[in-house]
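Report on one structure; see the data block that follows.
There are 2 protein chains.
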Amino acid sequence: MKANPHYLDLRGSYLFSTIGKKVAAYQKENPDKTIIRLGIGDVTQPLTPTIIEALHMATDEMAHAETFRGYAPDLGYDFLRNAIAENDYMKRGCDIAPDEIFVSDGAKSDSGNIQEIFAEDSVIAVADPVYPVYVDTNIMSGRCGSFDESKEQWSKVIYMPCTAENGFSPQVPSEDASGKTPDLIYLCSPNNPTGSALTREQLQKFVDYANAHHSVIIYDAAYEAYISEPDIPHSIYECKGARTCAIELHSFSKNAGFTGVRLGYTVVPYDLVDENGVQMRTLWARRHGTKFNGAPYIQQRAGEAVYSPEGQKEVQGLVSYYMENAKMILEGLRDAGFTVSGGINAPYIWLKTPDGMTSWEFFDYLLDKANVVGTPGSGFGPSGEGYFRLTAFGSHANTKAAIERIKGL
Amino acid sequence: MKANPHYLDLRGSYLFSTIGKKVAAYQKENPDKTIIRLGIGDVTQPLTPTIIEALHMATDEMAHAETFRGYAPDLGYDFLRNAIAENDYMKRGCDIAPDEIFVSDGAKSDSGNIQEIFAEDSVIAVADPVYPVYVDTNIMSGRCGSFDESKEQWSKVIYMPCTAENGFSPQVPSEDASGKTPDLIYLCSPNNPTGSALTREQLQKFVDYANAHHSVIIYDAAYEAYISEPDIPHSIYECKGARTCAIELHSFSKNAGFTGVRLGYTVVPYDLVDENGVQMRTLWARRHGTKFNGAPYIQQRAGEAVYSPEGQKEVQGLVSYYMENAKMILEGLRDAGFTVSGGINAPYIWLKTPDGMTSWEFFDYLLDKANVVGTPGSGFGPSGEGYFRLTAFGSHANTKAAIERIKGL
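In order, the protein sequences belong to chains A and B. When we follow our numbering, the leftmost residue of the first sequence carries the number 1315, and every step to the right adds one. When we follow our numbering, the leftmost residue of the second sequence carries the number 1315, and every step to the right adds one.
In structure tokens:
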């Protein structure tokens, strides 16, 4: 019996596990210090009343034979898929039908599993820096080639650098640079980790490129609720031609605070076919039916409640709460002389480390001197070196305290 | 862009989807008929009071900032892992530590995903008939070779036939027959679909074989709660040497009725290493950390409640309820002249189709004449041809009515 050799190619452990261990070790050595965590993108504010009520009501239904629900439909309950289609698509003029929507236990699972329905020799393109799950799950499937220690890059991966020069947003892959054409293009907008967001015009370029080269865009819209500017699209299906080239991933974690509730969905349009005419939607449906048993009923009722008028108001309240933090961090760090970006259409602030420190040096420095935890930019890819991510997901009090501490350094 | 070609090797759609579609079509054509479903292994009785209370309490915790929980630990909360280790292992004299236990959203996900941590050229052995997920997920990973239409078997899969001669229980693969040695041996005991169960002595033979041949046993213990006879082991870790060769999958669906709640766990002992000394536990932990974001907090509290004294009593009540159905089906069918087995240590009854009908012929016959839905044995593998599965998961009233209808045929 032999282990999957591709798993052994993975570098270190998952970024946030590494950070967790470092912080735990520091806390153990310094039990008196109060650490403020602005690292992982986990929410801190409680679920709102409408969601809580939906969870209680659905739980009560499970207590009686007449209303008890066993296995959910593999792809999700109609009540939720209809609510998603209407609110997230129809209202925005996007042509997405309920049966193109697949309800899951969260966008992380989907973003990790989606690569499975594509051929093993698919070439992937990712932003650099990037949310680690996209690359790690393709390493696990043997798609990334070998790791070049000097470049800190995988030999078969196409990187789209996000740098100060391009406003920390990925650009359509240049064919001259690598000679390779990507089969799968992972895009996250608003972007994690840089907090930038693609404009409608920029995203349309990706859609046009993908259609011209028969690539698929895996569009991670987890932070869509944080968009505040009118020229930023909320869905890739706002772009012309996206139905033939795009899969879109959604989370309820960042808008409604479901990180511990677990609910998400993925859109795979009927029009998305591979080079042999295979409908990718069928494959994703087959994966759901075979390796998953549906999201829990009570969670799906909670998801439905997000779309009620009260739910929408409450979600807007949560988003505003976190965006006040974003503003606090942006302005506070700017006052303290840091170079910062993001935080306008996303709950992430991307800052340049001071005094030429590496990202991990700054991580250790901030943990030790200010007892504040952030995420080293280099953990997201080589172009993240010299940068650092802070999240707006803390409480007001903690965020304020963290910024005061950083200002006092 | 190209689809995963192995997905295209899959035969038809997932068995229970096919049945669902057939039943829906029949119901549409016959809107006046009352169909009784004894097909899919889905429970019908509501969640018990202790579970409902735990769900409500955990939901209330999510409503307040002080008790709100975001991302769960990847591998599960300690409160649940400790309860599992104590109740399902320590109390049975099995040496399994909490950090060898991985909490998930259900045994179906785990049984589908577990193959991923093994090399692509691993040879699998399965019982025939078998729960379709084991084979289908290995087809999707390209491990099964080509399908031989005449044998109805995959060229690279080792089959362990379960026939009337061997009491419908799998036997250790014979090396003479195929010349192949399995890397992964899927065992489900008590068995789905045949309802048989391996004795401690029979299972020890598998463990000894696996250790001698460096195979891994993927032991699906989803129906463990239904064991009524003393010589049937509740865990594979009751066998000597299982820590070096076995992974065990558990479900909360069949004991506590969590089919719509979604909670399960998998045990991967530290001692399980591949031929190069790679600890398989590390790979499974890495998969959990990268492609999964933890089971929901409220579900994990419900799981913990299953192990409370009241929870245990209630679960025992549910199991007894369904086993009364099993007895009713077994005796009723026997009275009606059917040849039946199972139903003693499992909620499944395995019956021989009458008059030489094929399994699907009997499915259609039963649906049409008695408006009763069962599962064709051939849907589980070629040795299931001529057999049919009925589940004990209905209500007493429906089960009784179904048996009366079958008797009246």
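Ideal placement from N, C-alpha and C gives every residue a C-beta, glycine not left out.
Gly1411 (chain B) to Ala1399 (chain B) span [Cα, whole Å]: To locate residue 1411 (chain B), count along the second sequence from 1; it is residue 97. To locate residue 1399 (chain B), count along the second sequence from 1; it is residue 85. Looking at the sequence shown, residue 1411 (chain B) is not Gly but Ala. Looking at the two C-alpha atoms, the distance is approximately 6 Å.
Cβ pair count under 8 Å reaching 3, the region 1354-1370 of chain A against the region 1566-1577 of chain A: yes
The region 1418-1431 of chain B contacting the region 1578-1594 of chain A, beta-carbon criterion three pairs below 8 Å: no
N-terminal and C-terminal residue of the alpha helix (DSSP H) that Thr1596 (chain A) is part of: Translated into the one-based positions of the first sequence, residue 1596 (chain A) becomes position 282. Counting along the chain, the alpha helix (DSSP H) containing Thr1596 (chain A) begins and ends at Met1594 to Lys1605.
Members of the region 1580-1606 of chain B that neighbour chain D once the beta carbon cut-off is set at 8 Å: Within the model displayed, chain D is absent; protein chains A and B are what it includes.
For His1564 (chain A), the first and last residue of its enclosing beta strand (DSSP E): Here residue 1564 (chain A) corresponds to residue number 250 of the first sequence, with the count starting at 1. First-last of the beta strand (DSSP E) with His1564 (chain A): Ala1560 to Ser1565.
Neighbourhood of Ile1509 (chain B) by C-beta distance below 7 Å, restricted to the same chain and skipping five residues each side: Start at 1 with the first residue of the second sequence, and residue 1509 (chain B) comes out as number 195. The question names Ile, but residue 1509 (chain B) is Gly in the sequence shown. Once the five neighbours on either side are set aside, the close Cβ partners of Gly1509 (chain B) are Ser1655, Gly1656, Gly1657, Ala1660, Tyr1662, Ile1663 and Trp1664.
CB contact check: Leu1432 (chain A) to chain B, cutoff 8 Å: Along the first sequence, one-based indexing puts residue 1432 (chain A) at 118. Looking at the sequence provided, one finds Phe at residue 1432 (chain A) rather than Leu. Output row for Phe1432 (chain A): interface = yes.
Boundaries of the beta strand (DSSP E) in which Leu1665 (chain B) is found, first to last residue: Along the second sequence, one-based indexing puts residue 1665 (chain B) at 351. Start and end: Tyr1662 to Lys1666.
Candidates A:Asn1452, A:Ile1350, A:Thr1381 and A:Pro1547: closest to Arg1406 (chain A) by CA position: Against the first sequence, residue 1406 (chain A) aligns to sequence position 92. Out of A:Asn1452, A:Ile1350, A:Thr1381 and A:Pro1547, A:Pro1547 has the C-alpha closest to the C-alpha of Arg1406 (chain A).
Contacts that Asn1261 (chain B) makes with chain A (C-beta to C-beta distance below 8 Å): It is not possible to answer for residue 1261 (chain B), since the shown part of chain B is limited to 1315 through 1723.
Residues near Leu1704 (chain B) in its chain [Cβ-Cβ closer than 6 Å; skip 5 each side]: Mapped onto the second sequence, residue 1704 (chain B) falls at position 390. Result list for Leu1704 (chain B): Leu1352, Ile1643, Ile1663 and Gly1688, in chain order.
8 Å Cβ cutoff met for Ala1439 (chain B) and Met1404 (chain B): Taking the first residue of the second sequence as 1, we reach residue 1439 (chain B) at position 125. Taking the first residue of the second sequence as 1, we reach residue 1404 (chain B) at position 90. Against a cut-off of 8 Å, the Cβ pair of Met1404 (chain B) and Ala1439 (chain B) comes out as no contact.
Per-residue contacts from Lys1470 (chain A) into chain B (C-beta, under 8 Å): As a first step, residue 1470 (chain A) is located in the first sequence; it is residue number 156 there, counting from the start. Simply none; closest approach about 15 Å.
Nonlocal neighbours in the same chain, by C-beta distance under 6 Å from Val1587 (chain A), ignoring five residues either side: On the first sequence, position 273 is the one that residue 1587 (chain A) refers to. Contacts found: Gln1593.
Residue closest to Ile1365 (chain A), alpha-carbon to alpha-carbon, out of A:Ile1720, A:Gln1614 and A:Ser1673: Locating residue 1365 (chain A) in the first sequence gives position 51, where the first residue counts as 1. Taking only the C-alpha atoms, the option nearest Ile1365 (chain A) is A:Gln1614.
Close Cβ partners of Gly1695 (chain B) (< 6 Å) along its chain, the five nearest in sequence each way excluded: For this step, residue 1695 (chain B) is matched to residue 381 along the second sequence. Correct list, in chain order: Asp1442, Pro1443 and Val1444.
Alpha-carbon spacing of Leu1498 (chain B) relative to Ala1560 (chain B), whole angstroms: Within the second sequence, residue 1498 (chain B) is the residue found at index 184, counting from 1. Within the second sequence, residue 1560 (chain B) is the residue found at index 246, counting from 1. Roughly 10 Å separates the two Cα atoms.
Per DSSP, cross-strand counterpart(s) of Thr1689 (chain B): Within the second sequence, residue 1689 (chain B) is the residue found at index 375, counting from 1. Beta-bridge pairing links Thr1689 (chain B) to B:Arg1703.
C-beta atoms of Leu1389 (chain B) and Ala1616 (chain B) nearer than 8 Å: Residue numbering aside, residue 1389 (chain B) sits at position 75 when the second sequence is read from its first letter. Residue numbering aside, residue 1616 (chain B) sits at position 302 when the second sequence is read from its first letter. Result no, Cβ atoms of Leu1389 (chain B) and Ala1616 (chain B) do not sit closer than 8 Å.
Whole-angstrom distance between Arg1457 (chain A) and Lys1605 (chain A), CA atom to CA atom: Translated into the one-based positions of the first sequence, residue 1605 (chain A) becomes position 291. Translated into the one-based positions of the first sequence, residue 1457 (chain A) becomes position 143. Taking the straight line joining both Cα atoms gives about 21 Å.
Ala1535 (chain A) vs Met1637 (chain A) beta-carbon contact at 8 Å: On the first sequence, position 221 is the one that residue 1535 (chain A) refers to. On the first sequence, position 323 is the one that residue 1637 (chain A) refers to. Against a cut-off of 8 Å, the Cβ pair of Met1637 (chain A) and Ala1535 (chain A) comes out as no contact.
Whole-number beta carbon distance between Ser1529 (chain B) and Pro1496 (chain B), since they are thought to touch under 8 Å: For the purposes of this step, residue 1496 (chain B) is identified with residue 182 of the second sequence, where counting begins at 1. For the purposes of this step, residue 1529 (chain B) is identified with residue 215 of the second sequence, where counting begins at 1. With 8 Å as the limit, Pro1496 (chain B) and Ser1529 (chain B) qualify as a contact, their Cβ atoms being about 5 Å apart.
Same chain, Cβ closer than 7 Å to Ser1469 (chain A), neighbours up to 5 away in sequence not counted: Within the first sequence, numbered from 1, the residue matching residue 1469 (chain A) stands at position 155. Once the five neighbours on either side are set aside, the close Cβ partners of Ser1469 (chain A) are Gly1459, Ser1460 and Asp1462.
Chain A contact for Asp1497 (chain B) (CB, 8 Å cutoff): As a first step, residue 1497 (chain B) is located in the second sequence; it is residue number 183 there, counting from the start. Chain A, which has a Cβ nearer than 8 Å to the Cβ of Asp1497 (chain B), makes this yes.
Among B:Asp1413, B:Asp1450, B:Ile1720 and B:Lys1342, nearest to Gly1326 (chain B) - alpha-carbon criterion: One-based indexing of the second sequence puts residue 1326 (chain B) at position 12. Cα-wise, what sits closest to Gly1326 (chain B) is B:Asp1450.
Segments assigned beta strand (DSSP E), at least 3 residues, entirely inside the region 1432-1512 of chain B: 1438-1442, 1472-1475 and 1498-1502
Test: Asp1356 (chain B) CB closer than 8 Å to a CB of chain A: Counting from one through the second sequence, the residue named residue 1356 (chain B) turns up at place 42. True, the Cβ-Cβ gap to chain A drops below 8 Å.
For Ser1331 (chain B), the first and last residue of its enclosing alpha helix (DSSP H): If you number the second sequence from 1, residue 1331 (chain B) lands on position 17. Where Ser1331 (chain B) is concerned, the enclosing alpha helix (DSSP H) stretches over Leu1329 to Glu1343.
Close-in-space but distant-in-sequence residues of the same chain around Val1521 (chain A) (CB under 8 Å, 5 per side omitted): For the purposes of this step, residue 1521 (chain A) is taken as the residue at position 207 of the first sequence. Within the same chain, Val1521 (chain A) has close Cβ partners Ile1531, Ile1550, Cys1553, Lys1554, Gly1555, Ala1556, Cys1559 and Ala1560.
Beta carbon of Arg1727 (chain A) nearer than 8 Å to that of Glu1430 (chain A): Only positions 1315 to 1723 of chain A appear in the structure, and residue 1727 (chain A) is not among them; the question remains open.
DSSP three-state assignment for Gly1617 (chain B), whether helix, strand or coil: To locate residue 1617 (chain B), count along the second sequence from 1; it is residue 303. Note: Gly1617 (chain B) maps to helix in three-state DSSP.
N-terminal and C-terminal residue of the beta strand (DSSP E) that Ser1655 (chain B) is part of: As a first step, residue 1655 (chain B) is located in the second sequence; it is residue number 341 there, counting from the start. Per DSSP, Ser1655 (chain B) belongs to the beta strand (DSSP E) from Val1654 to Gly1656.
Residues within the region 1566-1580 of chain B neighbouring chain A, beta-carbon criterion of under 7 Å: Thr1573, Gly1574, Val1575 and Arg1576
N-terminal and C-terminal residue of the beta strand (DSSP E) that Thr1580 (chain A) is part of: Position 266 of the first sequence holds residue 1580 (chain A). Where Thr1580 (chain A) is concerned, the enclosing beta strand (DSSP E) stretches over Gly1578 to Val1581.
Beta carbon proximity, Asn1452 (chain B) to chain A, threshold 8 Å: Taking the second sequence and counting its residues from 1, one reaches residue 1452 (chain B) at position 138. No, its Cβ sits nowhere closer than 8 Å to a Cβ of chain A.
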